Amino acid sequence: MNLLLGSLTIGFILSLLGLGIYISFWIFSFPDMTADGSIVVGAAVAARLMLAGVAPLPATLAGMLAGALAGMVTGIIHTVFKVNNLLAGILTMTALYSINLHIMGRSNLPLLNIRTLSKDAAAIAQRLFGSADINLLGWQVNPLDITQLLLAGGAVMLVALVLYAFFRTQLGMAMRATGDNDQMIRALGGNTNLLKILGLALSNALIALSGALLAQYQGFADVQMGIGMLVWGLASVIIGMALARSNRLGFALSGAIIGSILFRLLVAIALRWGLNPNDLKLVTALFVFATLVLPGVLAKLTGRKKKYQTGVPHHA
Amino acid sequence: MLKGLQGIGAGLFLIGLCCVILLLSDWHRRQGPPPEKRTVSIFLFSDRDLLEESAQGCIDRLTARGLRPGRELILRRYSANADMSMANSVAKTIAESDSAMVITFSTPALQVMAAANRHRKMPHLFGTVTDPFQSGVGLSRANPAARPAWLAGIGTFQPVKEVFHLARQIRPELRRVGVVWCTSETCSEACTVLAREVCEELGITLVEMPVVTSSEITDATRALLARNVEAIWIGGDNIVELATPGIIEMALQAGIPVFANAPIHAENGALLGLGADYYQVGAAVGDLAADVLEGRAPASIPVDNVVPERLFVNTAILPRLRDNWTIPAPLLASAAYVISATNTGAATPRTTTDAAIARRVGIFYYGPDPMIDRGIEGYKQGLADEGFVEGKNIEFLIRHAQGDASQIPQIARQFDEADLDVITPMTTPCLMAALGAVRKTPVVFTLVYDPVGAGAGADFTNHLPGVTGIGSFPPLADTVAIMTNLLPAAKKIGTIYNPSEANSSKAVKRVAAMLKECGMDLEMVTVASSAELHTAALALVQRGCEAIWITGDNTAVAGFAAIHAVARDARIPLISNDLDMINEGATVAVGFNPWHSGEAAARLTARVLRGESPDFIPFQQVSVKKVAVNEADLQRLRLTMPTQTTPNAPVSRTRLLVAPTTAAAYGLDLPPAVLNRAERVEAP
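Top to bottom, those sequences are chains B and D. Those letters in the first sequence? Residues 104 to 419, per the numbering used here, in order. Those letters in the second sequence? Residues 15 to 698, per the numbering used here, in order.
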């Protein structure tokens, strides 16, 4: 039960990463490599500030802001200096590695003995449920785990709603249109470069937020915590998109979140039955493959003829 | 729209499915009503053998009565390491904990616990106490009814008179007996009073030498010997007890026998030890504890004197004695254990049986690494030495995170769920994850450079609850000493490391400072992956470095061959803190042996498996240094390894290991002199 609660919580936290990647990769068709760096920058800035005595919430928001800056840098390198989009992201990510080391002062910062959002959650849990374990469907569960899950879930829902509302404003519409067809937007007199920079800033702010929350949840920030995050984030988003089968904004956003959670649950199942530790990644990959293929097989079995492709956005 | 909804529905369905799978796999952990496990704390004043025996007897009896630790009972074991202030804080911790009962062994533990328990009034059972009525805990011999209702136990008055009678039986001419006793201990005083009585009865002069602290014991013994005693007797005294082997040795050098009230001292060279069988004493307390847990009121248990006697005799020391002491055959026959010249003891008569319940230990680490493998090897061996043999009464679950940091917390969490007895994180990131995620299971870490830096505590004794383990910092001072001796004229040493590894950064910083003091500069190049190592090494050579030193950096070690190739071509020595690198081309390797760090962690794990709480087990720094030298490479570089290194940083335990494979790579034959000196020769 605790494994389930923990995996759901991490799934929610990393679904912010999924949403960020959805914005860059899906909306802007921009394979943004900054993610590996910006998830750490969020964690690093938040951790450093909290260690310096800043309250957790402002520190987390500052981490988010740092991520936005990183995204803007990538955007500027790409649009103003006309550097290839992949390379622009790689440049920022590489630079961030050193910057993150400087921010933290060393390669990892333990957060066990200071006030973090996790500690705040513990205080809330204490008030809501008391300090004793509570009985959930027959399992003894630590109230802190439930509170963290509820808070993480609530935060993600809030962010998703804000994003939904934002992408329906004029600016948001323009952003989505830029990704679809930037020549058209330019022809209409829109500044696509500015829109791209803003979009990347937004994307990386979400990724940094995810990093800041993850660091507080697991109790430390580490300069290596970003390695591979982009790849797994992409995998989560693609799972989600394959399931959602729709480009309508609401479904796409929900798909990104669902994909992230599903992915973490699959990892948890693979861990639970972790046979030989060396096989873990293989098992994870097989699970993900099965999840992607299963809906298609099911559709075929139920006799629907309509074909759809897995994992490829219509306009990518 | 509909399709989208279907998709979301499918996604939610899959999430639900995963949840159900995870929950079903966890079904057996479902508990209906709240758990009925009761917590029992066992508190020992020190790790003295006889207290350990008592505790073991108690635990074994509880288990036999169907109250199994880890199943029906949560057992927490505390030891104050013979430190009175520590004992006070342990007692306070127990009184404030959720313990349903406390069991103490030894008089000091009884006293401090009784004081701390005054308000909480939880059932308190005691044993291995010489005279509970003299302990000042509210018990009175004259008025047994007037006593704290929550306190019960047994007294075990040492068979003092019997020991003197035995001594007299062996040597009727015995006239003068000496004793060292600690005036601050009530039980010691009680024994001495009895001894005075029996000596008067038998016409023996008792030469007393009172002491207050353990530091006075040696002088007191010397004074006794100078006053011509014919034998020394040691009663039940916690302070003197710990110094007994030393007293016995001094007495034997003077040709004087020692007789003791703890049988176990016969193994240390006492002529005879007559005392209580403390395993049985513990078992008797265990019986009472089980009664109370089953509902009997402690006040209804009379405080009795229980002395299951046990005699150990040591005939091996007879030739060393000045006077003639012959032990009559009937007496020998009545001894439970005789240590003779052919049977020199060593084996304790009673071995604890832990086979009843199979223990489960979870080990997890960052990623595959030969260093970890050897750490695990040492860990398993250490546990086997402690009686926990894999496949028999212990099971290991081993996981690693494939070098993916985001999976570490999930592994820690899964372990915490898995009903393990101990979780052992190896490597720093795993320790940090365990600190965050593990709540229910004791944690014993190892192969961590700096546990304090990782946030496990403020210092080695004052640390987070539920966590203990071994820190192993590499022998950096020795590394610097080797470099300065190998290359006295050098000005620049180069190093390559990955700044994202906290341990490497710290080691590099320290070595840079130490080298600066010796007038050398450390040129540093950082890398993020092993692919950059070759270029980095070339850059160091270009900068004019006269040697390359590599700490135990995981990235640099992974691509050591690349660095070696550059150093070999540039004809400069390569010094490593990872011992395995001697086989990868390092000229000199000096490092800690991971096997020993694993083995040391096993000792702590065994204590935790026996029920001791990690809260009061201090962290230990275990760094068994080893130096390995590739003589062939030194010859090629025309360098000599000084046998005597600088006085400020002596290299102890210098060991020579030889790798003929490396020598062959240079087309060199190893001279027999080198091979003969080698402690171990790697097979080619």
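Yeah, the Cβ is synthetic: ideal placement off N, Cα and C, and Gly gets one too. Remember, it's a predicted structure, so these values are computed and weren't measured experimentally.
| task | Confirm, please, whether the CB-CB distance from D:L623 to D:D435 is below 8 angstroms. | result | yes
| Reduced DSSP secondary structure (H/G/I, E/B, other) of D:Q658 | Reliability of the predicted coordinates at D:Q658 is poor, the pLDDT of 44 falling under 50, and the value obtained from them is presented with this limitation in mind. D:Q658 falls in the coil class under three-state DSSP.
| field | chain D contacts from the stretch 321-344 of chain B (Cβ-Cβ distance under 8 angstroms) | value | Q321, G322, F323, D325, V326, Q327, M328, I330, G331, M332, W335 and G343
| Using 8 angstroms as the Cβ pair cut-off and three pairs as the minimum, do the stretch 303-322 of chain D and the stretch 138-154 of chain D touch? | yes
| field | Boundaries (first-last residue) of the alpha helix (DSSP H) holding B:I124 | value | N105 to I124
| field | Limits of the unbroken alpha helix (DSSP H) element including B:W335 | value | M332 to A347
| Using 8 angstroms as the Cβ pair cut-off and three pairs as the minimum, do the stretch 498-514 of chain D and the stretch 541-558 of chain D touch? | yes
| request: Compute the Euclidean distance between the alpha carbons of B:S141 and B:A228, then round it to the nearest angstrom. | output: Computed Cα separation, rounded: 30 angstroms.
| field | Cutoff 8 angstroms: B:G121 Cβ touching any chain D Cβ | value | no
| query | Near D:V580, what residues of its chain come up, given a Cβ to Cβ distance below 7 angstroms and the 5 sequence neighbours on each side ignored? | reply | H548, A551, L552 and V555
| Below-8 angstroms beta-carbon distance, D:P158 vs any chain B residue | no
| said: Taking 8 angstroms as the threshold (C-beta atoms), are D:P259 and D:A265 in contact? | reply: Their beta carbons are not under 8 angstroms apart, which means D:A265 does not touch D:P259 by this criterion.
| field | Candidates B:I300, B:I217, B:A311 and B:L261: closest to B:K185 by CA position | value | Shortest Cα-Cα distance from B:K185 to any of B:I300, B:I217, B:A311 and B:L261 involves B:I300.
| message | Taking its Cβ as the centre, do 16 or more other Cβ atoms sit within 10 Å of D:E214, making it buried, or is it exposed? | response | D:E214 should be labelled exposed.
| Rounded to the nearest angstrom, how far is the Cβ of B:A311 from that of B:M167, given a contact under 8 angstroms? | 5 angstroms
| said: Counting only Cβ-Cβ distances shorter than 7 angstroms, please list the residues of the stretch 348-367 of chain B near chain D, keeping chain order. | reply: R348, S349, R351, F354, S357, G358, I361, I364 and L365
| request: Starting from D:S590, follow the beta strand (DSSP E) in both directions and report where the run begins and ends. | output: L588 to S590
| field | For D:M136, the three-state DSSP class (helix, strand or coil) | value | coil
| message | Just to confirm my understanding: we take D:V151, look at its own chain, exclude 5 residues before and 5 after, and list those with CB closer than 7 angstroms. What are they? | response | L124, Q125, A128 and L165
| What residues in its chain sit with their C-beta under 6 angstroms from that of B:F133, if we drop five residues either side in the sequence? | S127 and N188
| request: Please confirm if D:L710 has its CB atom under 8 angstroms from at least one CB of chain B. | output: In the structure as shown, chain D starts at 15 and stops at 698, and residue 710 of chain D therefore has no counterpart that could be examined.
| Does any residue of chain B bring its CB to less than 8 angstroms from the CB of D:M446? | yes
| field | Under 9 angstroms from the C-beta of D:S39: neighbouring residues of chain B | value | Going along chain B in sequence order, the residues near D:S39 (Cβ under 9 angstroms) are L106, I372, R375 and W376.
| Got a sec: is the Cβ-Cβ distance from D:I377 to anything in chain B below 8 angstroms? | no
| Three-state class that DSSP yields for B:A248 in the structure shown | Going by the sequence as given, residue 248 of chain B is Asp instead of Ala. Helix.
| request: Assign D:T235 to buried or exposed, taking buried as 16 or more other Cβ atoms, counted over all protein chains shown, within 10 Å of its Cβ. | output: buried
| said: When you compare the CB of B:W242 with every CB in chain D, is at least one pair closer than 8 angstroms? | reply: For B:W242, the answer is yes, since a Cβ of chain D falls inside 8 angstroms of its Cβ.
| query | If we count the other Cβ atoms within 10 Å of its Cβ and call it buried at 16 or more, is B:M260 buried or exposed? | reply | exposed
| query | Can you name the residues that DSSP bridges to D:E222? | reply | Beta-bridge pairing links D:E222 to D:V193.
| Tell me which same chain residues have a C-beta within less than 6 angstroms of the C-beta of B:D325, skipping the five on either side of it? | Excluding sequence positions up to five before and after B:D325, its CB lies within less than 6 angstroms of the CB of N211, all in the same chain and listed in chain order.
| said: When you compare the CB positions of D:S438 and D:I377, do they come within less than 8 angstroms of one another, or not? | reply: This sequence places Thr at residue 438 of chain D; Ser is not what is there. Contact: yes.
| query | Distance, Cα to Cα, D:L648 vs D:I484? | reply | 34 angstroms
| Does the beta carbon of D:A570 sit closer than 8 angstroms to a beta carbon anywhere in chain B? | no
| How would you list, in chain order, the residues of chain B whose beta-carbon sits under 7 angstroms from the beta-carbon of D:E431? | Within 7 angstroms Cβ-Cβ: N105 and L106.
| request: For D:W247, count neighbouring Cβ atoms within 10 angstroms of its own Cβ and tell me buried if that reaches 16, exposed if not. | output: buried
| query | Are the beta-carbon atoms belonging to D:P173 and D:L288 less than 8 angstroms from one another? | reply | Judged by their CB atoms, D:P173 and D:L288 are nearer to each other than the 8 angstroms cut-off.
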